[in-house]
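Asker:
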Amino acid sequence: MAFHDWKKLIIYILLPLISLTFLSYGLKGLFDNGIYLEPFEVIVVNQDTHKLSKVLVYQVEEDKNLASLVDITVLEREEEAEKLVRTDKAVAAVIIPDGFINSLEEGTNHSVRLITSLKHPVKAHMIKSIMESYMKSVSAGQSAVNAVWDYYIEMGMDRNQRREKIEAVINDITLRAYFVRSNTIQKKTLPGINSIPPVIFYSISVVLVIIMLKGVSYGKEIIEDMKQRVTDRIFLAGVSPRKYFLGKALGLFIITLVQGSIFFIPIAYFLEAKFNVSWVYSGSILLVSVFVITSLTMAGSVLIYQTDKFQYVGSIGIMTSVIIGGGFIPYMYLPDYIKEISFLTLHYWVMASVISFSGKYIVDGLQPLVIMMIFAFITMILAYTAYTKGKE
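All the letters of the sequence shown, read from the start, carry residue numbers 1 to 392 under full-length UniProt numbering.
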């Protein structure tokens with residue numbers, strides 16, 4: 001018999017670890033890159049023979065922001081590019097017309113052409129916005145070139161002299177615009193879900209599920225005691241309903257706190273190896289989570305008189321918390337209509353606090369804990385009042 005018990009114990013230990021492994025590695029991409037958008041094909045056709053037109057193509061090819069979003073292919077013929085867009089093998093084609101650089105010299109408007117398909121309106125709009133951004137740099141450079149061109153005219157230079165000198169000016173302005181463009185925006189990335197290792201995220205989620213399951217099991221025991229009139233004998237022995245209720249609540253709180261600590265202590269260690277204030281935050285999350293589960297368990301055991309029904313409601317509640325609360329897929333990646341009800345789950349508030357604390361946003365991390373504490377306190381008071389009133 002002991003052998004079978006040990007087998008069950010090993011299974012109970014291994015199942016959470018196996019689940020953590022699959023969840024952490026299977027959904028690692030959400031934590032590293034967010035929602036994945038598959039790169040799409042864009043064709044660039046450079047019909048301009050001027051050597052500076054190659055600089056524009058080079059800028060597009062070397063743009064690091066585009067590298068993870070767009071696969072760029074350079075072709076020679078516009079007809080071939082248009083066919084690829086028409087056959088859905090490319091999202092868009094950018095055509096740099098012949099004489100484009102010369103139009104900068106002369107101050108004329110020789111537009112870059114963009115070929116898109118109605119099959120991909122969002123991606124086409126993205127490409128259009130990107131190209132408009134590049135063209136603003138070109139337009140600014142064109143204004144500078146025009147000013148220099150007019151200056152050369154005032155100096156009495158003939159056309160050949162102006163063309164010879166203006167090429168160096170265009171080159172200089174183009175390169176300056178490229179480097180200024182690269183340094184115009186200073187990027188600051190705020191910490192979010194990506195700042196938490198997936199194994200830690202899912203460890204917290206699994207710990208919540210474990211202590212929730214303990215709450216369901218404990219609540220069933222309370223209901224069984226009432227059905228078998230064990231509580232009546234306890235009351236006859238001199239224990240008041242108030243003491244019994246508080247004793248059961250305290251017992252559940254201590255048991256789930258001990259169970260949760262077995263997992264939370266290693267999690268806190270991996271998050272912050274040195275003992276500091278981060279351990280206090282981790283402990284606060286655990287204490288509040290246990291208090292919420294205790295209050296809900298006691299309220300459920302008072303309102304629901306059937307063990308099967310209690311287990312059914314508890315199981316549905318746990319599954320709902322995991323799915324729509326962000327215990328499986330982080331809630332910020334869920335559809336908007338699900339996000340609107342995510343706040344009804346324990347996973348939502350716990351994960352919101354964890355994310356804020358991991359980003360050193362202490363006030364934002366404390367707010368979910370305070371809200372959960374108030375909710376749990378009110379729930380516990382109502383459950384206590386309903387139970388003791390019914391027994392007096």
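C-beta: ideal position from N, C-alpha, C; glycine also.
1. Between the Cα of V288 and those of T385, A376 and S111, spot the shortest distance and give me the residue it belongs to.
2. Nearest by alpha-carbon distance to T87: which of V112, K119, S111 and L257 is it?
3. Taking its Cβ as the centre, do 16 or more other Cβ atoms sit within 10 Å of V230, making it buried, or is it exposed?
4. Spatial neighbours of W349 within its chain, please: C-beta separation below 6 angstroms, excluding the five flanking residues on both sides.
5. Pairing CB atoms from the region 238-254 with CB atoms from the region 296-311, are three or more of them under 8 angstroms?
6. Answer with buried or exposed for D232, where buried requires no fewer than 16 other C-beta atoms within 10 angstroms of its C-beta.
7. What's the call for V70, buried or exposed, on a 16-neighbour Cβ count within 10 Å?
8. Just to confirm the assignment, what range does the beta strand (DSSP E) spanning T307 have?
9. To the nearest angstrom, how far is the alpha carbon of D208 from that of L366?
10. In chain order, what residues of the same chain have a beta carbon less than 8 angstroms from the beta carbon of T49, not counting five sequence neighbours either side?
11. Leaving out five residues before and five after G219 in sequence, what residues of the same chain have Cβ atoms less than 6 angstroms from its Cβ?
12. In this structure, does DSSP put L75 in helix, strand or coil?
13. By DSSP's criteria, A92 is part of a beta bridge. Which residues make up the other side?
14. Leaving aside the five residues before and after T307 along the sequence, list all residues of the same chain whose C-beta is less than 8 angstroms from its C-beta, in chain order.
15. What span of residues does the alpha helix (DSSP H) with G215 cover, start to end?
16. For K85, which residues of its own chain have a beta-carbon under 8 angstroms away from its beta-carbon, when the five flanking residues on both sides are left out?
17. Could you check where the alpha helix (DSSP H) with L69 kicks off and where it finishes?
18. How big is the Cα-Cα spacing for K187 and G156?
19. Less than 7 angstroms between the C-beta atoms of I293 and M351, yes or no?
20. Please report the distance separating the alpha-carbon of R314 from that of I210.
21. My output table needs one value for Y361: the three-state DSSP class, helix, strand or coil.
22. If you drop the 5 nearest sequence neighbours on each side, which residues of the same chain put their C-beta closer than 7 angstroms to that of S240?
23. Do V112 and A81 count as a contact pair if the criterion is CB distance below 7 angstroms?
24. Which value, in whole angstroms, describes the spacing of the CA atoms of I316 and K83?
25. Let me know if I95 comes out buried or exposed under the rule of 16 or more other beta-carbons within 10 Å of its beta-carbon.
26. Would you tell me roughly how many angstroms separate the C-alpha atoms of P121 and A383, rounded to the nearest one?
27. In three-state DSSP terms, what is S284?
28. So the alpha helix (DSSP H) F235 belongs to, where does it begin and stop?
29. Could you pull out every residue in the same chain whose Cβ sits closer than 6 angstroms to the Cβ of Y387, ignoring the five residues on either side in sequence?
30. Taking the alpha carbon of F291 as the reference point, which residue from I381, E79 and E340 has its own alpha carbon closest?
31. For H125, count the other beta carbons within 10 Å of its own beta carbon; 16 or more makes it buried, fewer makes it exposed. Which is it?
32. How far does the alpha helix (DSSP H) with S342 in it extend, from its first residue to its last?
33. Which value, in whole angstroms, describes the spacing of the CA atoms of I200 and F328?
Answerer: On the basis of the data shown:
1. Translated into the one-based positions of the sequence shown, residue 288 becomes position 288. Here the closest residue by C-alpha is A376.
2. To locate residue 87, count along the sequence shown from 1; it is residue 87. Shortest Cα-Cα distance from T87 to any of V112, K119, S111 and L257 involves K119.
3. Against the sequence shown, residue 230 aligns to sequence position 230. V230 counts as exposed, since fewer than 16 other C-beta atoms from the protein chains shown sit within 10 angstroms of its C-beta.
4. On the sequence shown, residue 349 is found 349 positions in, with the first residue counted as 1. Cβ neighbours of W349 beyond the five flanking positions: P368 and M372.
5. Enough Cβ pairs lie closer than 8 angstroms, so yes.
6. For the purposes of this step, residue 232 is identified with residue 232 of the sequence shown, where counting begins at 1. Exposed: under 16 other Cβ atoms inside 10 Å.
7. Numbered from its first residue, the sequence shown carries residue 70 at position 70. Buried: at least 16 other Cβ atoms inside 10 Å.
8. Locating residue 307 in the sequence shown gives position 307, where the first residue counts as 1. Note, T307: premise wrong, no beta strand (DSSP E); alpha helix (DSSP H) at T307 to I324.
9. Against the sequence shown, residue 208 aligns to sequence position 208. Against the sequence shown, residue 366 aligns to sequence position 366. Correcting the residue identity first, residue 208 is Leu in this sequence and not Asp. When rounded, the distance between both Cα atoms is 18 angstroms.
10. Working through the sequence shown from its first residue, we reach residue 49 at position 49. Within the same chain, Cβ atoms closer than 8 angstroms to the Cβ of T49 are found at D98, the five residues on either side in sequence being excluded.
11. Within the sequence shown, residue 219 is the residue found at index 219, counting from 1. Answer for G219: T297, G300, S301 and F310, listed in chain order.
12. Your numbering for residue 75 matches position 75 in the sequence shown. If DSSP states are grouped into helix, strand and coil, L75 belongs with the strands.
13. Counting from one through the sequence shown, the residue named residue 92 turns up at place 92. Answer is V42 and T116.
14. For the purposes of this step, residue 307 is taken as residue 307 along the sequence shown, with counting starting at 1. Hits under 8 angstroms: K220, I223, E224 and K227.
15. Taking the first residue of the sequence shown as 1, we reach residue 215 at position 215. Taken as a continuous stretch (DSSP letters only), the alpha helix (DSSP H) holding G215 covers P198 to K227.
16. By 1-based counting over the sequence shown, the position of residue 85 is 85. Looking at the sequence provided, one finds Val at residue 85 rather than Lys. Closer than 8 angstroms at Cβ, skipping near neighbours: I43, V91, A92, A93, I115, T116 and S117.
17. For the purposes of this step, residue 69 is identified with residue 69 of the sequence shown, where counting begins at 1. Where L69 is concerned, there is no enclosing alpha helix (DSSP H), given that its DSSP letter is neither H nor E.
18. Counted from its first residue, the sequence shown places residue 187 at position 187. Counted from its first residue, the sequence shown places residue 156 at position 156. The predicted position of K187 is uncertain, since its pLDDT is 46 and thus under 50; a value taken from the coordinates is nonetheless stated next. When rounded, the separation of the alpha-carbon atoms in K187 and G156 is 46 angstroms.
19. On the sequence shown, residue 293 is found 293 positions in, with the first residue counted as 1. On the sequence shown, residue 351 is found 351 positions in, with the first residue counted as 1. In this structure, M351 does not lie closer than 7 angstroms to I293 by Cβ.
20. Reading the sequence shown from its first residue, position 314 is the one you call residue 314. Reading the sequence shown from its first residue, position 210 is the one you call residue 210. It is worth fixing the name first, because residue 314 is Gly in this sequence and not Arg. Pairing G314 with I210, the inter-Cα distance amounts to about 12 angstroms.
21. As a position in the sequence shown, residue 361 is number 361, starting the count at 1. Three-state DSSP puts Y361 in coil, outside helix and strand.
22. The sequence position of residue 240 within the sequence shown is 240, counting from 1. The answer is none, since no qualifying residue turns up.
23. Position 81 of the sequence shown holds residue 81. Position 112 of the sequence shown holds residue 112. Annotated as distal: A81 and V112, with beta-carbon spacing of 7 angstroms or more.
24. Within the sequence shown, numbered from 1, the residue matching residue 316 stands at position 316. Within the sequence shown, numbered from 1, the residue matching residue 83 stands at position 83. Each residue's Cα considered, the two are about 53 angstroms apart.
25. For the purposes of this step, residue 95 is identified with residue 95 of the sequence shown, where counting begins at 1. I95 comes out buried.
26. What you label residue 121 is simply residue 121 of the sequence shown in a count that begins at 1. What you label residue 383 is simply residue 383 of the sequence shown in a count that begins at 1. Our two residues, P121 and A383, have alpha carbons roughly 55 angstroms apart in a direct line.
27. Your numbering for residue 284 matches position 284 in the sequence shown. Looking at S284 - three-state DSSP - the assignment turns out to be helix.
28. Taking the sequence shown and counting its residues from 1, the one referred to as residue 235 is at position 235. V230 to L236 is the extent of the alpha helix (DSSP H) around F235.
29. Here residue 387 refers to the residue found at position 387 when the sequence shown is read from its first residue. Contacts found: F245 and V302.
30. Stepping through the sequence shown from its first residue, residue 291 is reached at position 291. Checked all of I381, E79 and E340; the closest Cα to F291 is I381.
31. As a working note, residue 125 is residue 125 in the sequence shown. With fewer than 16 other Cβ atoms within 10 Å, it is exposed.
32. Translated into the one-based positions of the sequence shown, residue 342 becomes position 342. It spans D336 to S342 - the alpha helix (DSSP H) in which S342 sits, taken as one unbroken run.
33. Your numbering for residue 200 matches position 200 in the sequence shown. Your numbering for residue 328 matches position 328 in the sequence shown. Approximately 13 angstroms, taken between the alpha carbons.
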